[in-house]
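Numbering (our numbering), first residue to last: 3 to 217. Right, one structure below, let's go through it.
Here you go:
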């Protein structure tokens, strides 16, 4: 017999509970690992459908974590870089930690257009800006405007009024505002950045919408 917190358990019963616990861990691992891998592959296909690349290179991040990719595209883009990272669903013990720190599966897309944007501008989900990001590097030089799209609040930042009006109007047509976290037009880097929570059937139209903004 083994005593734990004042309760006595037979070693056979504890061994049985241990085997059941290990079985649950293994079941969760294989089922959710398969889910993550299939989801990652589907996101890659949706990105290709949106970008129509002439060439693409994928680097697997290991296990069921995600991938990085580079897509060679035609005008108005020179290339596009993407990173997908998944929550650790395959680990029953680590999943709550990944959920707490990262919140959701993540898709980052960096567009490299032939023509740089004329102004720095951002669209930020209010919660992401307030809790996670907190401040933009050049925020003191930018104007801020608040908009609501499909019940969700966003901050639109731009160095001038024209940029705010353009992005505010674009957001009204964005196909998946509830998944959007951050869009950034960075003229100094010559890039346009997208961060969203990937959801199947929403990646292609979201990336296409940003391509339309660039064109």
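A virtual CB, placed ideally from N, CA and C, is assigned to each residue, including glycine. Since this is a predicted model, take the numbers as computed values, not measurements.
Ignore the nearest five residues each way along the sequence and tell me which others in residue 106's own chain have a CB closer than 6 Å to its CB.
199
Got a sec? Which residues, its chain only, sit under 8 Å from residue 116 by beta carbon, not counting five neighbours each side?
77, 78, 79 and 80
Count the other CB atoms, across all protein chains shown, that sit within 10 Å of the CB of residue 171; report buried if there are 16 or more and exposed otherwise.
So residue 171 ends up on the exposed side.
Pull up the CB-CB distance for residue 204 and residue 179, whole angstroms please, since I reckon it's below 8 Å.
With 8 Å as the limit, residue 204 and residue 179 do not qualify as a contact, their Cβ atoms being about 10 Å apart.
Can you tell me which residues form a DSSP beta bridge with residue 58?
73
Going by the beta-carbon positions, is the gap between residue 124 and residue 138 smaller than 8 Å?
yes
Using the beta-carbon count (16 or more within 10 Å), is residue 127 buried or exposed?
buried
In angstroms with no decimal places, state the Cα-to-Cα distance between residue 217 and residue 25.
53 Å
Runs of 3 residues minimum, wholly inside the region 121-151: which ones carry the beta strand (DSSP E) assignment?
123-127 and 145-151
Residues bridged to residue 33 by DSSP?
Per DSSP, none; premise fails for residue 33.
Quick one: Cα of residue 91 to Cα of residue 163, how far?
43 Å
CA nearest to the CA of residue 154, picked from 141, 146 and 130
130
Considering only the alpha carbon of each residue, which of 40, 34 and 45 lies closest to residue 207?
45
Residue of 196, 173 and 142 minimising C-alpha distance to residue 151
Among 196, 173 and 142, the Cα nearest to that of residue 151 is on 173.
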